[in-house]
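All remarks here apply to the structure that follows.
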């Protein structure tokens, strides 16, 4: 039983110290939930990914903290649905115009925990198919400079997916879902 919760830090995230009645203490990262969108262009047999810097990934092996992942965003826009936020993120991060009703929520619309031993953040996994004319900005550079976000859009051929490695768990899960449900085992 949790006896006491103390906010240690409040900023973009909140760090809480939880104290149980048995004396065990745990730090918990409180975060806004998010959505991750796999965008597929069937006519070209491509998926859309973004490459961006993630400060938490900076280390000796990755001094720039670069990661390749799907379009994603926090659910922090009041009055906007998950699909509306995903569509806005597609334009902001990748220059792709998507209507919210084109977006399918995976996992029966239920979010998944991103790191249940550390954080309360959950992520809605989403999927959409687009036509080439929905790629409205040439790019490849995008992002929201007010948020310090800089993204580079890339396209990956679907026949390359079974051989790719990913550093982002949501991206990996969605790619596996895609290979098993849309490409029938990657073929």
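Numbering (my numbering), first residue to last: 2 to 188. We put the CB at the ideal spot given by N, CA and C, even for glycine.
| message | Bridge partners for residue 120 per DSSP, in chain order? | response | Here residue 120 refers to the residue found at position 119 when the chain shown is read from its first residue. Answer is 30.
| field | Rounded C-alpha distance that separates residue 236 from residue 113 | value | There is no way to answer for residue 236, as the model of the chain reaches only from 2 to 188.
| message | Given a cut-off of 7 Å on the beta-carbon distance, is the pair residue 16 and residue 10 in contact? | response | Locating residue 16 in the chain shown gives position 15, where the first residue counts as 1. Locating residue 10 in the chain shown gives position 9, where the first residue counts as 1. Contact flag set, yes.
| query | So residue 38 packs on residue 90, CB below 8 Å; how close in whole Å? | reply | As a working mapping, residue 38 is identified with position 37 in the chain shown. As a working mapping, residue 90 is identified with position 89 in the chain shown. At roughly 7 Å, the Cβ-Cβ gap stays under 8 Å, so residue 38 and residue 90 are in contact.
| said: Can you tell me whether residue 137 is buried or exposed? The criterion is at least 16 other CB atoms within 10 Å of its CB, across all chains shown. | reply: For this step, residue 137 is matched to residue 136 along the chain shown. When all chains shown are included, residue 137 counts as exposed.
| said: Cutting at 6 Å between CB atoms, please list the residues of its own chain near residue 1, excluding the five before and the five after it. | reply: The requested residue 1 is not part of the displayed model; the chain covers only 2 to 188.
| request: Can you give me the start and stop residues for the beta strand (DSSP E) that residue 85 sits inside? | output: Here residue 85 corresponds to residue number 84 of the chain shown, with the count starting at 1. Counting along the chain, residue 85 falls outside any beta strand (DSSP E), though it belongs to the alpha helix (DSSP H) covering 83 to 95.
| Does the distance from the CB of residue 32 to the CB of residue 14 come in under 7 Å? | Within the chain shown, the letter at position 31 stands for residue 32. Within the chain shown, the letter at position 13 stands for residue 14. Yes, Cβ-Cβ distance for residue 32 and residue 14 is below 7 Å.
| request: For residue 14, name the three-state secondary structure that DSSP assigns. | output: One-based indexing of the chain shown puts residue 14 at position 13. Coil, per DSSP.
| task | Report the residue from 148, 146, 127, 153 whose alpha carbon sits nearest the alpha carbon of residue 139. | result | Locating residue 139 in the chain shown gives position 138, where the first residue counts as 1. For residue 139, the nearest C-alpha among the options comes from 153.
| field | C-beta contact flag for residue 106 and residue 127 at 7 Å | value | One-based indexing of the chain shown puts residue 106 at position 105. One-based indexing of the chain shown puts residue 127 at position 126. Yes, the pair counts as a contact, with Cβ atoms nearer than the cut-off.
| request: Return the first residue and the last residue of the beta strand (DSSP E) that residue 147 is part of. | output: Against the chain shown, residue 147 aligns to sequence position 146. Careful: residue 147 lies outside any beta strand (DSSP E) and carries neither H nor E.
| By Cβ distance, which residues of its chain are closer than 8 Å to residue 47, with the 5 residues on each side in sequence left out? | As a working note, residue 47 is residue 46 in the chain shown. Excluding sequence neighbours, residue 47 sits near 41, 156, 157, 158, 159.
| request: Look at the alpha carbon of residue 161 and the alpha carbon of residue 147, and state the distance between them as a whole number of angstroms. | output: Numbered from 1 along the chain shown, position 160 holds the residue referred to as residue 161. Numbered from 1 along the chain shown, position 146 holds the residue referred to as residue 147. Going by the C-alpha atoms only, they are around 34 Å apart.
| What residues are listed by DSSP as bridge partners for residue 48? | Position 47 of the chain shown, counted from the start, is the residue given in the question as residue 48. Paired residues: 41, 157.
| What is the residue span of the beta strand (DSSP E) that residue 67 lies within? | To locate residue 67, count along the chain shown from 1; it is residue 66. 67 to 70 is the extent of the beta strand (DSSP E) around residue 67.
| For the candidate residues 28, 30, 3, 27, whose alpha-carbon lies nearest to that of residue 21? | Here residue 21 corresponds to residue number 20 of the chain shown, with the count starting at 1. Measuring from the Cα of residue 21, the nearest candidate turns out to be 3.
| task | On a CA-only basis, which of 79, 55, 30 is nearest residue 120? Give me that one, please. | result | Numbered from its first residue, the chain shown carries residue 120 at position 119. The shortest Cα separation from residue 120 among 79, 55, 30 belongs to 30.
| Buried or exposed: where does residue 94 fall if 16 or more other Cβ atoms within 10 Å of its Cβ makes it buried? | Residue 94 sits at position 93 when you count from the first residue of the chain shown. It counts as buried.
| field | Residue burial classification, residue 172 (beta-carbon count within 10 angstroms, cutoff 16) | value | As a working mapping, residue 172 is identified with position 171 in the chain shown. By the neighbour-count rule (16 or more Cβ atoms within 10 Å), residue 172 is buried.
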